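Using UniProt numbering, you'd call the opening residue of the sequence shown number 1 and step up by one each time. All remarks here apply to the structure that follows.
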Amino acid sequence: MLTHTGEKPFTCDSCEYRFRTSSNLKTHMRTHSGEKPHACDICEHRFTTLGYLKIHMRTHTGEKPFACDICEYKFTTSSDLKRHFLTHTGEKPFTCDSCEYRFRTSSNLKVHMRTHTGEKPFACERCEYKCTTSSDLKRHFLTHTGEKPFTCDSCEYRFRTSSNLKVHMRTHTGEKPFACERCEYKCTTSSDLKTHMRTGPLAFGPNGDRYGIKLKIEQEIDGVMKTVGVYDTLNDTLTWLSSDQLTFR
Numbered sequence: 001m002l003t004h005t006g007e008k009p010f011t012c013d014s015c016e017y018r019f020r021t022s023s024n025l026k027t028h029m030r031t032h033s034g035e036k037p038h039a040c041d042i043c044e045h046r047f048t049t050l051g052y053l054k055i056h057m058r059t060h061t062g063e064k065p066f067a068c069d070i071c072e073y074k075f076t077t078s079s080d081l082k083r084h085f086l087t088h089t090g091e092k093p094f095t096c097d098s099c100e101y102r103f104r105t106s107s108n109l110k111v112h113m114r115t116h117t118g119e120k121p122f123a124c125e126r127c128e129y130k131c132t133t134s135s136d137l138k139r140h141f142l143t144h145t146g147e148k149p150f151t152c153d154s155c156e157y158r159f160r161t162s163s164n165l166k167v168h169m170r171t172h173t174g175e176k177p178f179a180c181e182r183c184e185y186k187c188t189t190s191s192d193l194k195t196h197m198r199t200g201p202l203a204f205g206p207n208g209d210r211y212g213i214k215l216k217i218e219q220e221i222d223g224v225m226k227t228v229g230v231y232d233t234l235n236d237t238l239t240w241l242s243s244d245q246l247t248f249r
């Protein structure tokens with residue numbers, strides 16, 4: 001009946017939370033006491049509930065009982081599946097009150113809010129470095145240990161992060177996933193594309209000199225429009241070169 005009435009007669013003495021059942025209150029109290037009565041038989045992890053232990057055990061067994069209907073992804077929890085499904089729908093239900101950014105998860109919104117508050121709750125034990133996420137702290141800590149756990153299968157290069165390895169692998173595969181909307185230029189990283197967008201397409205003169213092309217100055221010659229000059233964004237100058245003297249890339 002309490003599910004219909006909405007009544008929650010069991011109150012936590014340490015905070016304002018209220019519960020429908022005494023068992024739910026008992027479980028909640030462990031967040032205050034730190035009690036974790038359910039232990040993993042394989043590793044040292046302990047948990048407040050049997051349900052959390054069951055989910056943890058899937059990291060050992062490899063079981064992923066929650067499958068996406070649209071693609072081949074599988075997950076260990078229903079909540080992970082729900083978050084993944086938003087990548088198909090494009091839905092971003094969590095909105096920042098300070099700017100226009102929207103997010104798929106409340107946790108991503110929470111991390112984003114730190115860009116407004118300046119909060120950096122994760123601190124390095126070896127230096128004064130502080131950051132907004134635990135993953136950033138883990139990456140930073142590798143600068144102290146010198147550890148590079150991600151190795152390229154094609155050469156001997158090692159990297160601190162999987163993202164750096166992913167970018168490096170493109171030097172082997174030739175993949176260039178970032179494309180300019182204004183020309184045929186493609187590149188391996190988003191930063192290279194940003195640089196390209198600032199300078200424009202590249203052109204090479206007769207001596208191999210590079211020119212960043214933001215503006216082409218064209219003139220009709222013998223009934224054909226030809227480039228007679230370019231604004232060189234690399235050197236911030238106006239250069240008078242004909243299309244016959246330039247190789248555009």
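Even for Gly, the Cβ is constructed at its ideal location relative to N, Cα and C. Bear in mind that the values here come from a model prediction, so they are computed numbers and not experimental data.
task = Look at the Cβ atom of residue 152, then the Cβ atom of residue 140, and state whether they are nearer than 8 angstroms.
result = no
For residue 272, the nearest candidate out of 166, 77 and 37 (CA to CA) = Here the chain covers residues 1 to 249 and nothing more, so residue 272 does not appear.
task = Could you tell me the distance, in whole angstroms, from the CA atom of residue 89 to the CA atom of residue 186?
result = 28 angstroms
request  = Have a look at residue 124 and residue 112 and give me their C-alpha separation to the nearest angstrom.
outcome  = 20 angstroms
ask   = Which same chain residues, not among the five before or five after residue 109, have their C-beta less than 7 angstroms away from its C-beta?
value = Apart from sequence neighbours up to five positions away, the residues of its chain that approach residue 109 with a beta-carbon distance below 7 angstroms are 94, 96 and 103, ordered along the chain.
query = Which of helix, strand or coil does DSSP assign to residue 38?
reply = strand
key: Unbroken alpha helix (DSSP H) run spanning residue 60, endpoints   = That run of the alpha helix (DSSP H) goes 50-61.
request  = Answer with buried or exposed for residue 188, where buried requires no fewer than 16 other C-beta atoms within 10 angstroms of its C-beta.
outcome  = buried
ask   = Which same chain residues, not among the five before or five after residue 148, have their C-beta less than 8 angstroms away from its C-beta?
value = 142, 158, 159 and 160
ask   = Looking only at its own chain, which residues have a Cβ that is under 8 angstroms from the Cβ of residue 167, when we skip the five neighbours before and after it?
value = 188 and 189
ask   = When burial is assigned at 16 or more other CB atoms within 10 Å of the CB, is residue 196 buried or exposed?
value = buried
6 angstroms Cβ shell around residue 53 - same chain, five flanking residues per side excluded = 38 and 47
message = Under DSSP, the alpha helix (DSSP H) around residue 126 begins and ends at which residues?
response = Careful: residue 126 lies outside any alpha helix (DSSP H) and carries neither H nor E.
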